[in-house]
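Heads up: the structure comes next, in structure tokens.
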Amino acid sequence: MTLKLFTLLLEAALSTLGISLVSIAIGFVIAMLLSAGMQSGKSIYILPARLFISFFRGVPLLVQLLLIYTLLPVIGINVPGIVAAIVGLSLCTAAYQAENLRGGFEGVPRGLIEAADVAGFSATQTFLRIRAPIALRLTFPALVNEAIMILKSSSLVSVVGIIELTKMAQDLASSTYLPLPIFASAALIYFVINSVIALLGRYAEKSLKGATA
Amino acid sequence: MMFDPQVIIDKLPEIGSGLFVTLWLWIAGVLGGVIAGFIVATARRFGGLAVNAVLGAVVEVLRGTPFLIQIFLLYYGGPFVGLMLDPIPCGLIGLSVYSAAYYSEVFRAGYASVPVGHVEAAECLGMTRLQTISRIQIPEMALIVLPPSVNLAIILLKESAVLSIITVPELTATVSAIGSQQYAFLEAIFVLAVTYWIIVELTDRLGRQAEKRLSRLRFSKA
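Note that the protein sequences, when read in sequence, are chains X and P.
Under my numbering, the very last position in the first sequence is 285; numbers go up by exactly one each time.
Under my numbering, the very last position in the second sequence is 708; numbers go up by exactly one each time.
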């Protein structure tokens with residue numbers, strides 16, 4: 073295990089980080105839409121949202137990735153592997169984030185919403201100024217957890233050929249016959265990244281509390 | 487590409503055997519994880535500072551790294567330290583160890599949820615530590631521990647699909663092999679998605695029923 077090998081792993085870790093962050097961000101936008109659909113009270117929005125959430129939480133991510141890789145070309149859409157990987161991760165995390173958001177919105181005290189009504193806030197104002205900020209604060213720890221989960225899950229996109237940390241480790245392990253140190257180093261890199269995210273998350277949570285309390 | 491259900495019907499025996507491997511690996515992995523996780527949580531609670539710190543670090547590493555990397559480490563790295571494992575035992579050990587880390591956290595939270603007063607009361611009554619754990623702490627934490635345990639079991643079912651990568655002949659491996667041999671990718675993916683989805687939904691429902699029954703049992707006693 074040389075420094076050069078470790079540097080290669082670190083470079084690949086950047087793709088892991090990039091893929092994960094982009095997927096979390098896109099997933100968050102989709103989750104907001106899903107959660108809006110669930111709260112709309114109209115079954116044409118609620119049913120598809122429920123089906124989406126149930127499907128993407130009920131099927132292994134590996135199968136979802138295979139699904140996207142297999143089906144997109146079949147219906148004539150040829151996208152680069154990286155796009156398909158991000159689509160897969162985003163849809164999967166959207167389902168989990170939507171569930172978290174639902175919990176967050178349910179946690180907003182009714183009294184605050186009623187107070188906003190009494191104060192003459194419109195529904196949009198209540199949403200933007202009262203419900204959304206409080207729900208986001210409540211779901212923030214879950215969002216950090218989800219980021220860590222997705223970072224770990226992104227190792228699966230190695231299966232479909234994207235060069236990220238796991239795929240790089242696999243390639244190096246088979247070309248150098250040093251699987252033990254290489255996979256251990258990859259594990260270490262994942263662990264360090266996840267620990268940093270967890271620490272940043274806890275720090276942000278504290279300052280978030282300070283800002284709104 | 488058209489959907490041809492005949493491919494699925496012709497291959498039902500193979501799909502069934504893959505499903506069987508998935509199911510028993512999953513159940514054995516969850517049981518292994520529950521038992522090991524309970525032992526780890528108990529050792530961390532009663533074993534003193536050093537034990538708590540060491541086990542805590544191991545748990546953090548297992549929770550902070552992808553399951554796939556752990557499996558690669560065990561499967562490809564194991565032989566270099568004299569640990570030669572066939573895919574199935576490797577998958578079973580991997581799944582148990584990975585789930586033990588998460589289950590230990592579930593039980594840790596469970597232990598923390600039991601009011602200190604109850605434990606002290608048991609001590610005052612002259613119960614031994616073992617009696618306190620088995621008669622006071624375990625029954626009291628059962629209801630707290632059940633929902634996250636079911637969730638975790640569902641996550642582990644889905645993680646078990648990863649074992650297809652080290653050629654464990656479970657559902658995902660079997661069905662995707664059929665898919666590529668027969669050029670029936672659509673059918674294969676359909677079978678995989680629907681089968682996992684059904685098992686997950688069933689488990690979820692069973693879990694919720696168990697929760698209801700347990701809470702009724704508990705409050706009727708009180």
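Glycine residues also receive a C-beta, built at the ideal position from the N, C-alpha and C atoms.
*Taking only beta carbons into account, state which residues of the segment 664–688 of chain P come closer than 7 Å to chain X, listed in chain order.*
Under the 7 Å Cβ criterion, the segment 664–688 of chain P contributes Phe671, Leu672, Ile675, Leu678, Ala679, Tyr682, Trp683, Val686 and Glu687.
*Should P:Cys610 go down as buried or exposed, given a rule of 16 or more other Cβ atoms within 10 Å for buried?*
Residue mapping note: residue 610 of chain P aligns to position 124 of the second sequence, counting from 1. Under this definition P:Cys610 is an exposed residue.
*So what does DSSP say about P:Met709, is it helix, strand or coil?*
Nothing about residue 709 of chain P can be read from this structure; chain P reaches only from 487 to 708.
*asked:* Is there a Cβ of chain X sitting closer than 7 Å to that of P:Leu642, yes or no?
replied: Translated into positions along the second sequence, residue 642 of chain P becomes position 156. Under the Cβ criterion of 7 Å, P:Leu642 is not counted among the residues facing chain X.
*Can you say whether P:Ala607 is buried or exposed, counting buried as having 16 or more other CB atoms within 10 angstroms of its CB?*
Residue 607 of chain P sits at position 121 when you count from the first residue of the second sequence. Classified as exposed, P:Ala607 has fewer than 16 neighbouring CB atoms from the shown chains inside 10 Å of its CB.
*Is X:Asn217 helix, strand or coil by DSSP?*
Walking along the first sequence from the start, residue 217 of chain X turns up at place 145. If DSSP states are grouped into helix, strand and coil, X:Asn217 belongs with the helices.
*Does P:Tyr597 come within less than 7 Å of chain X when only Cβ atoms are used?*
Within the second sequence, numbered from 1, the residue matching residue 597 of chain P stands at position 111. Chain X, which has no Cβ nearer than 7 Å to the Cβ of P:Tyr597, makes this no.
*P:Ser662 and X:Leu138 look like a contact to me (Cβ under 8 Å); what is the Cβ gap, rounded to whole Å?*
In the second sequence, residue 662 of chain P corresponds to position 176, counting from 1. In the first sequence, residue 138 of chain X corresponds to position 66, counting from 1. The C-beta distance from P:Ser662 to X:Leu138 rounds to 7 Å, short enough to fall under 8 Å.
*Would you list, in chain order, the members of the segment 545–556 of chain P that have their beta-carbon closer than 9 Å to a beta-carbon of chain X?*
Residues Glu546, Val547, Arg549, Gly550, Thr551, Pro552, Phe553, Leu554, Ile555 and Gln556.
*Would you mind reading off the limits of the alpha helix (DSSP H) that contains X:Ser107?*
Position 35 of the first sequence, counted from the first residue, corresponds to residue 107 of chain X. Unbroken alpha helix (DSSP H) run through X:Ser107: Leu75 to Gln111.
*Using 7 Å as the limit for Cβ to Cβ distance, is P:Phe566 near chain X?*
As a position in the second sequence, residue 566 of chain P is number 80, starting the count at 1. With 7 Å as the cut-off, P:Phe566 counts as an interface residue toward chain X.
*Under 7 Å between the Cβ atoms of P:Tyr682 and X:Val131?*
For the purposes of this step, residue 682 of chain P is taken as the residue at position 196 of the second sequence. For the purposes of this step, residue 131 of chain X is taken as the residue at position 59 of the first sequence. Contact flag set, yes.
*Note the first and the last residue of the continuous alpha helix (DSSP H) segment covering X:Thr198.*
As a working mapping, residue 198 of chain X is identified with position 126 in the first sequence. From DSSP, X:Thr198 is part of no alpha helix (DSSP H); its letter is neither H nor E.
*Leaving out five residues before and five after X:Ile149 in sequence, what residues of the same chain have Cβ atoms less than 7 Å from its Cβ?*
Sequence index remark: in the first sequence, residue 149 of chain X carries index 77 (1-based). There are no such residues.
*Would you tell me roughly how many angstroms separate the C-alpha atoms of X:Thr179 and X:Lys114, rounded to the nearest one?*
Here residue 179 of chain X refers to the residue found at position 107 of the first sequence. Here residue 114 of chain X refers to the residue found at position 42 of the first sequence. Going by the sequence as given, residue 179 of chain X is Gly instead of Thr. In this structure, the alpha-carbon of X:Gly179 lies about 21 Å from that of X:Lys114.
*Exposure of X:Lys239, with buried meaning 16 or more beta-carbon neighbours within 10 Å*: Sequence index remark: in the first sequence, residue 239 of chain X carries index 167 (1-based). Label assigned to X:Lys239: buried.
*Scan the segment 120–133 of chain X for residues whose Cβ lies nearer than 9 Å to a Cβ of chain P and list them as they occur along the chain.*
Among the residues of the segment 120–133 of chain X, those with a Cβ less than 9 Å away from any Cβ of chain P are Ser126, Phe127, Arg129, Gly130, Val131, Pro132 and Leu133, in the order of the chain.
*Which bits of chain X does P:Ser662 rub up against, with CB to CB less than 8 Å?*
Position 176 of the second sequence, counting from 1, holds the residue named residue 662 of chain P. Contact of P:Ser662 with chain X by beta-carbon distance below 8 Å involves Leu138.
*From what residue to what residue does the alpha helix (DSSP H) around P:Ser650 run?*
For the purposes of this step, residue 650 of chain P is taken as the residue at position 164 of the second sequence. That residue, P:Ser650, is in no alpha helix (DSSP H); it is neither H nor E in DSSP.
*So, does the CB of X:Val190 fall closer than 7 Å to a CB anywhere in chain P?*
Numbered from its first residue, the first sequence carries residue 190 of chain X at position 118. It does not: the Cβ of X:Val190 has no partner Cβ on chain P nearer than 7 Å.
*With DSSP collapsed to three states, give me the class of P:Ile492.*
For this step, residue 492 of chain P is matched to residue 6 along the second sequence. The sequence given here places Gln at residue 492 of chain P; Ile does not occur at that position. In the three-state scheme derived from DSSP, where H, G and I count as helix and E and B as strand, P:Gln492 is classed as helix.
_Quick check: what's the CA-CA separation for X:Ala97 versus X:Leu106?_
For the purposes of this step, residue 97 of chain X is taken as residue 25 along the first sequence, with counting starting at 1. For the purposes of this step, residue 106 of chain X is taken as residue 34 along the first sequence, with counting starting at 1. Our two residues, X:Ala97 and X:Leu106, have alpha carbons roughly 14 Å apart in a direct line.
*Answer yes or no: does any C-beta atom of chain X fall closer than 7 Å to that of P:Leu559?*
Reading the second sequence from its first residue, position 73 is the one you call residue 559 of chain P. Closer than 7 Å to some Cβ of chain X, the Cβ of P:Leu559 qualifies, so yes.
*Beta-carbon neighbours of X:Phe255, restricted to chain P and to distances below 8 Å*: Taking the first residue of the first sequence as position 1, residue 255 of chain X is located at position 183. The answer, in chain order, is Ile555, Phe558, Leu559, Tyr562 and Gly563.
*Near X:Tyr141, what residues of its chain come up, given a Cβ to Cβ distance below 7 Å and the 5 sequence neighbours on each side ignored?*
Here residue 141 of chain X refers to the residue found at position 69 of the first sequence. Excluding residues within five positions, the ones whose Cβ falls inside 7 Å are Ala156 and Val232.
*asked:* To test your reading of the DSSP string, which unbroken beta strand (DSSP E) runs of 3 or more residues are found completely within the segment 664–696 of chain P?
replied: Contiguous beta strand (DSSP E) elements confined to the segment 664–696 of chain P do not occur, taking only those with 3 or more residues.
*What span of residues does the alpha helix (DSSP H) with X:Gln136 cover, start to end?*
Here residue 136 of chain X refers to the residue found at position 64 when the first sequence is read from its first residue. Where X:Gln136 is concerned, the enclosing alpha helix (DSSP H) stretches over Leu133 to Val146.
*Which bits of chain X does P:Ile651 rub up against, with CB to CB less than 7 Å?*
By 1-based counting over the second sequence, the position of residue 651 of chain P is 165. Here the neighbours are Val231.
*asked:* According to DSSP, is P:Pro633 part of a helix, a strand, or is it coil?
replied: The residue you call residue 633 of chain P lines up with position 147 of the second sequence. DSSP places P:Pro633 in helix when its eight states are reduced to three.
*Test item: CB-CB of P:Phe593 and P:Ala527 under 7 Å*: Translated into the one-based positions of the second sequence, residue 593 of chain P becomes position 107. Translated into the one-based positions of the second sequence, residue 527 of chain P becomes position 41. A Cβ-Cβ contact shorter than 7 Å links P:Phe593 with P:Ala527.
*What three-state label does DSSP hand X:Gly179 in the structure shown?*
As a first step, residue 179 of chain X must be located in the first sequence, where it is residue number 107. Note: X:Gly179 maps to coil in three-state DSSP.
*Could you work out which residues of chain X lie near P:Ala647, taking near to mean beta carbons separated by less than 7 Å?*
The residue you call residue 647 of chain P lines up with position 161 of the second sequence. Going along chain X in sequence order, the residues near P:Ala647 (Cβ under 7 Å) are Pro132, Leu134 and Val135.
_Assigned exposure category for P:Ala674 - 16 Cβ within 10 Å defines buried_ = Stepping through the second sequence from its first residue, residue 674 of chain P is reached at position 188. The residue in question, P:Ala674, is buried, as its Cβ has 16 or more Cβ neighbours within 10 Å.
*Tell me which same chain residues have a C-beta within less than 8 Å of the C-beta of X:Glu277, skipping the five on either side of it?*
Residue 277 of chain X sits at position 205 when you count from the first residue of the first sequence. Exclusion of the five residues before and after X:Glu277 leaves Phe212, Pro213 and Val216 as the residues of its chain whose Cβ lies within less than 8 Å of its Cβ.
*Look at P:Val654 and P:Leu554 and say whether their C-beta atoms are less than 7 Å apart.*
As a first step, residue 654 of chain P must be located in the second sequence, where it is residue number 168. As a first step, residue 554 of chain P must be located in the second sequence, where it is residue number 68. Not a contact, by the Cβ cut-off of 7 Å.
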